[in-house]
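Numbering (the working numbering), first residue to last: 1220 to 1579. All C-beta atoms in this analysis are idealised placements derived from N, C-alpha and C, irrespective of residue type, glycine included.
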Ligand code: MRU
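This is the structure:
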């Protein structure tokens, strides 16, 4: 599969005294600038302000954040104190994507199961674990692409929302990995990218990476999706996910639920692509998924331009939940869940996520 991005979305550069390097996604598509984070506070700001974003990429960032937090520890006891502080601090950064907690839990478990190592070895082990989380995510996304590519037929038109591409993951993406894998097989198809108000991840990021990879992409305003479906211009919808409950209810970028309702009304298949690290088996359904609410200014003064009269309130939930019954299938690295229900989710979760030994 071609690598659609010339730079890594996020990576650790150097040894234990190194830094986290990432694409500053707030500057795209105008500029592809790399930034570095050398402390956990700078990393927190980068996640909070969407310099790095997308559920799996946030998970990778959080894992690197733990390394930034613990590396100055001078005793094992101090290392565990710093780890607990980092868990609390980074865990409050963005509440909806479960991959953040998944990665923090994995780092904590890795530390606890190796607490008898000499201090410097324990630190090196945690850096290796964070790098493994990044590498496994790349392999996982590639597998999702392979599992889902057959859903995109020659000549099809696919609608996607937000950015579930290489920028949102370690590499390849989830929804976009499916498209990259179909593209690699020489299949010709068209992608409609919903612009994704208010922060325009679809217009700025999805269009940028698909165009760079040579995939035929057209941006539409979010409000145009219904018309396109009615005109017969959409064959299937594929989106990513931020958190999937045990019954398959799925949180994703605000606007996804509306697309799923529209797809149902027009009898168009609606697929979600996500790694197993996006599932939250602790939640029986989507009602308990925490929905991040962001600053009103993202709506009223998007990209520096005032678009709402002074003093008028704006409501800005960043995610919504699509009920399982509106989802035709969930594409995971372990196969397709179809129909989407608690039994199907349980079956896939039993197999478990990709491990380092499966890395390609
Ligand atoms: O607020 P964002 O840009 O982090 O939201 C991202 C999304 O909603 C993506 O669709 C989701 O994280 C899946 S990324 C593979």
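Any heavy atom of ligand 1 within a distance shorter than 8 Å of the CB on residue i?
i	result
residue 1277	yes
residue 1471	yes
residue 1269	yes
residue 1416	no
residue 1261	no
residue 1313	yes
residue 1382	yes
residue 1408	no
residue 1164	Outside the displayed range of the chain (1220 to 1579) lies residue 1164, so it cannot be described from this structure.
residue 1461	yes
residue 1273	yes
residue 1393	yes
residue 1168	This structure leaves residue 1168 out entirely; the chain is present only between 1220 and 1579.
residue 1458	yes
residue 1316	yes
residue 1479	no
residue 1538	yes
residue 1293	no
residue 1387	yes
residue 1493	yes
So the beta strand (DSSP E) residue i belongs to, where does it begin and stop?
i	result
residue 1471	1469-1472
residue 1256	1253-1256
residue 1240	1238-1242
residue 1411	1409-1413
residue 1554	1554-1556
residue 1462	1462-1464
residue 1230	1229-1232
residue 1293	It is not in any beta strand (DSSP E) - residue 1293 carries neither H nor E in the DSSP assignment.
residue 1439	1435-1439
Can you tell me whether residue i is helix, strand or coil according to DSSP?
i	result
residue 1546	coil
residue 1220	Low confidence applies to residue 1220: its pLDDT is 49, below 50, so where it sits in the model is not reliable, and the reading given next is rough at best. Reduced to three states, the DSSP call for residue 1220 is coil.
residue 1449	helix
residue 1551	strand
residue 1454	coil
residue 1504	coil
residue 1487	coil
residue 1562	helix
residue 1307	helix
residue 1418	coil
residue 1384	strand
residue 1379	strand
residue 1266	helix
residue 1653	Nothing about residue 1653 can be read from this structure; the chain reaches only from 1220 to 1579.
residue 1444	helix
residue 1572	coil
residue 1541	strand
residue 1260	helix
residue 1512	strand
residue 1578	Annotation note: pLDDT 40 at residue 1578 (below 50); position unreliable, no value reported.
Have a look at the options and flag the residue whose alpha-carbon is nearest the alpha-carbon of residue i.
i	options	result
residue 1391	1254, 1526 and 1353	1353
residue 1485	1445, 1501, 1524 and 1515	1445
residue 1237	1287, 1536, 1331 and 1399	1287
residue 1551	1312, 1273, 1522 and 1394	1394
residue 1478	1521, 1531, 1414 and 1260	1414
residue 1267	1289, 1243 and 1249	1243
residue 1373	1227, 1402 and 1277	1402
residue 1396	1385, 1405, 1406 and 1404	1385
residue 1255	1429, 1357 and 1265	1265
residue 1283	1473, 1325, 1509 and 1336	1325
residue 1322	1309, 1453, 1455 and 1281	1281
residue 1328	1348, 1399 and 1317	1348
residue 1301	1263, 1269 and 1259	1259
residue 1558	1442, 1509, 1568 and 1547	1547
residue 1481	1504, 1426 and 1441	1441
residue 1261	1241, 1448, 1525 and 1341	1241
residue 1510	1567, 1569, 1312 and 1399	1312
Since residue i is in the alpha helix (DSSP H), which residue starts that stretch and which ends it?
i	result
residue 1397	1394-1403
residue 1283	1274-1289
residue 1352	1338-1367
residue 1476	1475-1484
residue 1517	1516-1519
residue 1325	1318-1332
residue 1535	Run containing residue 1535: none; DSSP gives neither H nor E here.
residue 1429	1426-1431
Would you say the segment 1490-1497 touches the segment 1350-1364, given that touching needs at least three Cβ pairs under 8 Å? yes
Between the segment 1475-1490 and the segment 1561-1569, can you find at least three pairs of beta-carbon atoms closer than 8 Å? no
With contact counted as at least three CB pairs below 8 Å, one residue from each stretch, are the segment 1287-1303 and the segment 1427-1435 in contact? no
Pair every Cβ in the segment 1538-1554 with every Cβ in the segment 1468-1478, then say whether three or more of these pairs are closer than 8 Å. yes
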